[in-house]
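A.B. asks: Count the sequence shown with our numbering and you get residues -6 to 317, in order.
After the structure tokens below, expect a handful of questions from me.
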Amino acid sequence: MAPHHRIARGATPTISRGLIFDPVTPEDLQPYVPEDFDEFWETAREEADKSPLDYHRSRHNVFDLPGFVVETIDFRSIGGSTLHGWIAIPERLNRMVPSFLWLPAYGKESHLPNEYSTREDMVSMSFNFHGNDAFHQEDYSPLRGYFAEGVEDPETWVFREMLQNALIAVRVLRAQVEADASRLSVAGMSQGGGMAIWTGATSSAVKAVVADMPFLAGMRRTLHQPIHRYPLKELADFAHRIPLGIERVLYTVSYYDTVNHATRLHKPALVSYGARDPASRPEHVRAVYDAIPGSKKLLEYPGGHDWDTGMIEANRKFMLEATT
């Protein structure tokens, strides 16, 4: 594949029509990893590792979920602000147990503790990426979207800081006395599924990954085709407003595409797709799965881009077995 280098911040890239920017080709779902991809993410990881580990737990139950004690847990972000989350502890726990970090789907709301973000005999933690309350709820609106925030440059795209905060959250979860740090997984759906792969590929503390219907995969194909659905259309809307918009956006996205991150994932991974999913299309998710060099398993669910009750036990079983 043709290597490429990051441009100076604020500069307009000179684009050669190479593999990365060609319209649809037979290889357009294959990895297209930038030459300095590892350096880029190693720098981001080092910054997250140096961030002070500063967190606070409420130490009392704040949410009604049978079988669990749910506490709030706040921690310092990479930028120094406070991020708000929750941690679910099985009731009557008398030993350390496996744990997982649950990364939420796209949007500024929080994922509430439920059957998908908690599991029997496991500690789980989740947080709001955007500084909102641990239990904040709101409907998605393009006006509240963030896909295009900082996308002009790989260094400034919002997802760089979001991944760094996920890495800090892994450190926070490992520090909890109830969580067995040697059996820590990262899981999520859609945005959360894609970022679970990113986090697992970047953090040595993560022992297994569950990625249901991972997002932002095979973006060379996606960005060269009409995009009609939000929130991804936020990117297309932005690209159409700037010179060389698709090229500039895809240049940045190449550092984040889940297919590219998958090539660095050497942890056990469970990946799933919906047979009728119009957002994380089956062939795009299969490309993620194919790119993972480590131990892996692929599941198909019959529906679209939505929860399936089969995820509850399948994901629990995988996380427990993969971290044994």
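Glycine included, C-beta positions come from ideal geometry on N, C-alpha and C.
The model shown is predicted, which means the values in this text are computed figures rather than measured ones.
For N253, count neighbouring C-beta atoms within 10 Å of its own C-beta (all shown protein chains included) and say buried if the count is 16 or more, exposed if not.
C.D. replies: buried
A.B. asks: Would you report the Cα separation of R234 and V242, rounded to the nearest angstrom?
C.D. replies: 11 Å
A.B. asks: Can you give the beta carbon distance from L216 to A37, rounded, assuming they're within the 8 Å contact cut?
C.D. replies: Between the beta-carbon of L216 and that of A37 there is about 23 Å, and that puts the pair past the 8 Å contact cut.
A.B. asks: Is the separation between the beta-carbon of G185 and that of L209 shorter than 8 Å?
C.D. replies: no
A.B. asks: Apart from the five residues on each side of it in sequence, which residues of its chain come closer than 7 Å, Cβ to Cβ, to E84?
C.D. replies: Answer for E84: G60, F61 and V62, listed in chain order.
A.B. asks: Just reading off the alpha helix (DSSP H) that E306 is part of, what are its end residues?
C.D. replies: G303 to A315
A.B. asks: Grab me the residues of H49's own chain with a C-beta within less than 8 Å of its C-beta, minus the 5 sequence neighbours each way, in chain order.
C.D. replies: I66, D67 and F68
A.B. asks: When the Cα of S197 is compared with those of G211, G297 and A174, which residue comes out closest?
C.D. replies: Of the listed residues, the one whose Cα sits closest to S197 is A174.
A.B. asks: Let me know if K310 comes out buried or exposed under the rule of 16 or more other beta-carbons within 10 Å of its beta-carbon.
C.D. replies: exposed
A.B. asks: Return the first residue and the last residue of the beta strand (DSSP E) that H77 is part of.
C.D. replies: Residue range T75 to P83 is occupied by the beta strand (DSSP E) that includes H77.
A.B. asks: Along the chain, where does the beta strand (DSSP E) that runs through T65 open and close?
C.D. replies: F61 to R69
A.B. asks: Is the number of C-beta pairs between the segment 276 to 288 and the segment 296 to 306 that are closer than 8 Å three or more?
C.D. replies: no
A.B. asks: For A204, write down the residues that DSSP places opposite it in a beta bridge.
C.D. replies: G181 and V264
A.B. asks: DSSP has F120 in a bridge; who is on the other side?
C.D. replies: Partner residues in the beta bridge of F120, as assigned by DSSP, are G78.
A.B. asks: Can you give the Cα-Cα distance for D205 and A81, rounded to whole angstroms?
C.D. replies: 21 Å
A.B. asks: Select from S110, L225 and F56 the residue whose C-alpha is nearest the C-alpha of F93.
C.D. replies: Minimum Cα distance to F93 is reached at S110.
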